Amino acid sequence: MSTPIAHRDVAPSALSRSKARISGFIAGTRSTVGRWFARSRQRRALREIAERNDFHLLKDIGVSREEALREADKAFWRL
Numbered sequence: 002m003s004t005p006i007a008h009r010d011v012a013p014s015a016l017s018r019s020k021a022r023i024s025g026f027i028a029g030t031r032s033t034v035g036r037w038f039a040r041s042r043q044r045r046a047l048r049e050i051a052e053r054n055d056f057h058l059l060k061d062i063g064v065s066r067e068e069a070l071r072e073a074d075k076a077f078w079r080l
């Protein structure tokens, strides 16, 4: 029975390094997308607080209404 081309033409150590790189890339991508979703939810919540003029809550988190709106206006991929 013949060996699949990928395994026959590539050294086992190179194949495992390639799989490890791909796995690392996927894990890094999932982590980044997760941070983006969390940041988007947080900014949306911050905008809601600022738009409700909930000054007590804004004071509790230590930001002014203007600062909250400025932060909420940032794109989710920006820090």
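Taken in order, the sequence shown gives residues 2 to 80; the numbers are from our numbering. The beta carbon of each residue, even a glycine, is placed where N, CA and C say it ideally should be. Here the structure is a predicted model, which means the values were calculated and not measured.
Report yes if the C-beta distance between residue i and residue j is below 8 Å; otherwise report no.
i: Ile-50; j: Ala-69; result: yes
i: Leu-47; j: Glu-67; result: no
Can you give me the C-alpha to C-alpha distance between residue i and residue j, rounded to a whole angstrom?
i: Ile-27; j: Lys-60; result: 40 Å
i: Phe-56; j: Val-64; result: 9 Å
i: Asp-19; j: Arg-53; result: Inspection of the sequence shows that residue 19 is occupied by Ser rather than by Asp. In a straight line, the C-alpha of Ser-19 is about 51 Å away from that of Arg-53.
i: Arg-44; j: Gly-29; result: 22 Å
i: Leu-58; j: Thr-33; result: 29 Å
i: Ala-15; j: Ile-62; result: 51 Å
i: Ser-41; j: Arg-31; result: 15 Å
i: Gly-25; j: Leu-80; result: 23 Å
i: Phe-38; j: Ala-12; result: 39 Å
i: Ala-21; j: Trp-78; result: 26 Å
i: Ile-23; j: Gly-35; result: 18 Å
Whose C-beta lies closer than 7 Å to the C-beta of residue i among residues of the same chain, with five residues either side of it excluded?
i: Asp-74; result: none
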